[in-house]
Amino acid sequence: MSDVLAREAAPEAPAAFLLSALAASPMPALLLASGDTIRFANAAAAAALGDEPAALIGQALAAFGGQAEAMGALRILLREERAATGEVLLRRRDGCTFWAALHLSPVGDESGQRLVQWADVSRRRDLESALAQAQRREALGQLTNGVAHEFNNLLQILVGYVDGLKRRLSEHPDAFVQRALTRATDAAERASTLTRHLLAFSRKHRPEPRPVDLNALLLAYGTRARAILGPAIALDLALGGDLWPACLDPVQTELILQIVLTNAREAMPEGGRVTVTTANHGGEGVAADGTLGRHVVMTIADTGSGMPPEVLGRALEPFFTTREPGRGTGLAILNALMKRQSGTVALRSAPGEGTVLRLTFPAADLPRPPRPRPVGGRRTPRD
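Under the UniProt record's numbering, read the sequence shown as residues 1 to 383, first letter to last.
So, in structure tokens, the structure goes:
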């Protein structure tokens, strides 16, 4: 009698061992009945799907497909009678989704059961997506660089002809033609600015940082700054005294100023005020905000409409914009230009409170002048 019981119990032993092994496995595992109905789920699978193991029993695995396309891919995989592998998007009980590298294989008996195991590959997919996006940006940068250079060559021809006409016009004045040429010159200047933006975006212009008096740069740029802002916006300069020389590229810093002031003008269509301040920051050791060493800070504040938190959090991202197409790369370019000069950018804004942009440049490490030797003082005799 005992031999009969042993023979009857023997077929159940492998199944019990399989369930025991799957239950202890750290990898998510499901045992499916002949269809795609879940017959067994270990704790790892339940945690991954956001439910209790017992709650998964009797449910169809296809119901956990993340999207319509993912459900289709999952159903195709489940129709395979042989071992199959594929990446599918699964949906947790709370609605969140994740990518799973899923392996499905027959158990090996006549029951038609299949074992499903997977690994979460969401992080890898995110990295692949980020890499693909970076490659697209690099390709776009190369294309932009080529277009900018070709455009600049055509622009120089246009400017040359306009300058020649102006010289001829000085001998035979004509008010209408003079106004037309002035407008053509303004358009050429705007096109030249666009070219500089394109070249900066393509990262082909290498920064050349050197010690610069930031206060002097701002004073020299004042006329251009007021022209960018227009008559409806006031410009205040509050320049700090005894400002350290900043280590920066003057050309790229002027481009940064143009981007900031253009954004400020667009944020204040009815007029307003822009205040630019400069100050020394830090010193020997670590400053209160955690920065190391000496820095020169330029703060630009406007009285515009401000930004809500969801826009503020993404304002420095490439290609992010809430404006019409073609007008949203300025702050991304600004951020890239500051990083290439070893500077930092900080934004503070709220709806109805305007925007404050804080640009931090490293202070130039200039040699200190030698101490003057005392004249007529007493000498300490040497031992």
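No residue lacks a Cβ here, since even glycine has one placed at the ideal position from N, Cα and C.
The model shown is predicted, which means the values in this text are computed figures rather than measured ones.
Check, Outcome
"Taking the alpha-carbon of valine 356 as reference, which of Ala83, Arg314, Asp302 has the nearest alpha-carbon?", "Asp302"
"What first and last residue would you give for the beta strand (DSSP E) that runs through glutamine 117?", "114 to 120"
"Would leucine 155 and alanine 191 be called neighbours here (beta carbons separated by less than 8 Å)?", "yes"
"Which same chain residues, not among the five before or five after isoleucine 76, have their C-beta less than 6 Å away from its C-beta?", "none"
"Can you give me the Cβ contacts of threonine 185 inside the same chain, cut-off strictly under 7 Å, excluding the 5 residues immediately before and after it?", "Val162"
"The beta strand (DSSP E) with alanine 41 in it runs from where to where?", "38 to 41"
"I'd like to know whether the C-beta of alanine 16 is nearer than 8 Å to at least one C-beta of chain C.", "Any reference to chain C falls outside this structure, which holds one protein chain only."
"Would you decide whether proline 209 is buried or exposed? Buried here means 16 or more other CB atoms lie within 10 Å of its CB.", "buried"
"Out of Arg348, Thr85, Gly293, His281, state which residue places its alpha-carbon closest to the alpha-carbon of aspartate 242.", "His281"
"Between the alpha carbons of glutamine 252 and leucine 337, how many angstroms are there, rounded?", "7 Å"
"Use the C-beta contact count for asparagine 335: other C-beta atoms within 10 angstroms, 16 or more gives buried, fewer gives exposed.", "buried"
"With a threshold of 16 other CB atoms inside 10 Å of the CB of phenylalanine 64, please say whether the residue is buried or exposed.", "buried"
"Return the chain-ordered ranges of every alpha helix (DSSP H) run that is complete within the stretch 205 to 234 and spans a minimum of 4 residues.", "214 to 229"
"Isoleucine 38 and leucine 19 - do their beta-carbons sit closer together than 8 Å?", "no"
"Nearest-angstrom Cα distance between glycine 47 and alanine 83?", "It should be noted that the sequence gives alanine, not glycine, for residue 47. Going from the Cα of alanine 47 to the Cα of alanine 83 covers about 25 Å."
"Grab the span of the alpha helix (DSSP H) containing glutamate 87 for me, first residue to last.", "From DSSP, glutamate 87 is part of no alpha helix (DSSP H) but of the beta strand (DSSP E) over 84 to 91."
"Can you tell me which residues form a DSSP beta bridge with aspartate 186?", "DSSP lists no partner for aspartate 186."
"To the nearest angstrom, how far is the alpha carbon of valine 88 from that of leucine 261?", "47 Å"
"What number of angstroms, rounded off, separates the C-alpha of leucine 257 from the C-alpha of methionine 298?", "10 Å"
"To which residues of the same chain is threonine 195 closer than 8 Å at the C-beta, ignoring the five residues directly before and after it?", "Ala148, Phe151, Asn152, Leu155"
"Using three-state DSSP, classify leucine 18 as helix, strand or coil.", "helix"
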